[in-house]
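In terms of our numbering, the sequence shown has 75 at position 47, counting the first letter as 1, and numbering is strictly consecutive. Positions of the beta carbon are idealized from the N, C-alpha and C atoms, including for glycine.
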Amino acid sequence: MSIKRFGAEKSGAGGQNLPFARAVEAGGFLFVSGQVAMEDGEIVNGGIVEQTHRTIANLVAILEEAGYGLEDVVRCGVWLDDPRDFWSFNAVYKSYFGENPPARACVQSHMMVDCKVEIDCVAYKVP
């Protein structure tokens with residue numbers, strides 16, 4: 029089984045190198061590192077709705093780079109800064125995953141950067 033890594037280049041705040049890959053593919057699985065609402069090295073302005081859209085767009089970009097799509101996602105992990113954002117977050121999340129959502133965990137957590145949401149995922153395609 030081969031392992032393919034997708035990017036550890038300058039993708040952090042201020043364009044710094046981060047000590048992990050954006051995604052790793054192995055045995056038909058794609059493990060996507062946690063994404064936040066970052067664009068051009070900075071967290072986008074806005075509330076949970078805007079930040080959730082940007083965060084999922086970042087996930088989609090990585091999935092597509094590796095040849096996967098949202099339909100291949102089997103699990104997501106979600107971290108919310110404020111539990112009061114849960115229902116607004118869910119409305120946006122559902123608009124992307126629809127009637128066939130992946131398994132998911134969602135917890136409240138203090139964030140490492142000044143954002144409202146972080147999402148990671150695991151996708152699968154038959155090798």
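Would you mind stating whether residue i and residue j have Cβ atoms separated by less than 8 Å?
| i | j | result |
| --- | --- | --- |
| residue 65 | residue 82 | yes |
| residue 108 | residue 98 | no |
| residue 147 | residue 84 | yes |
| residue 78 | residue 34 | no |
| residue 88 | residue 149 | no |
| residue 58 | residue 119 | no |
| residue 102 | residue 133 | no |
| residue 56 | residue 129 | no |
| residue 63 | residue 45 | no |
Answer yes or no: the CB of residue i versus the heavy atoms of the ligand MG, is any distance below 7 Å?
| i | result |
| --- | --- |
| residue 67 | As for the ligand MG, it is missing from this structure, which has no ligand bound. |
List the DSSP bridge partners of residue i.
| i | result |
| --- | --- |
| residue 208 | With the chain running from 29 to 155 in the structure shown, residue 208 is simply not present. |
| residue 32 | 53 |
| residue 132 | 104 |
| residue 66 | 71 |
Under DSSP, the beta strand (DSSP E) around residue i begins and ends at which residues?
| i | result |
| --- | --- |
| residue 61 | 57-63 |
Would you mind reading off the limits of the alpha helix (DSSP H) that contains residue i?
| i | result |
| --- | --- |
| residue 82 | 76-93 |
| residue 121 | 114-125 |
When you compare only the Cα positions, how much space is there between residue i and residue j?
| i | j | result |
| --- | --- | --- |
| residue 127 | residue 153 | 19 Å |
| residue 138 | residue 110 | 9 Å |
| residue 112 | residue 30 | 42 Å |
| residue 125 | residue 104 | 11 Å |
| residue 74 | residue 68 | 16 Å |
| residue 142 | residue 49 | 21 Å |
| residue 96 | residue 52 | 12 Å |
Pull up the CB-CB distance for residue i and residue j, whole angstroms please, since I reckon it's below 8 Å.
| i | j | result |
| --- | --- | --- |
| residue 76 | residue 32 | So it is not a contact: roughly 33 Å between Cβ atoms. |
| residue 80 | residue 117 | 5 Å |
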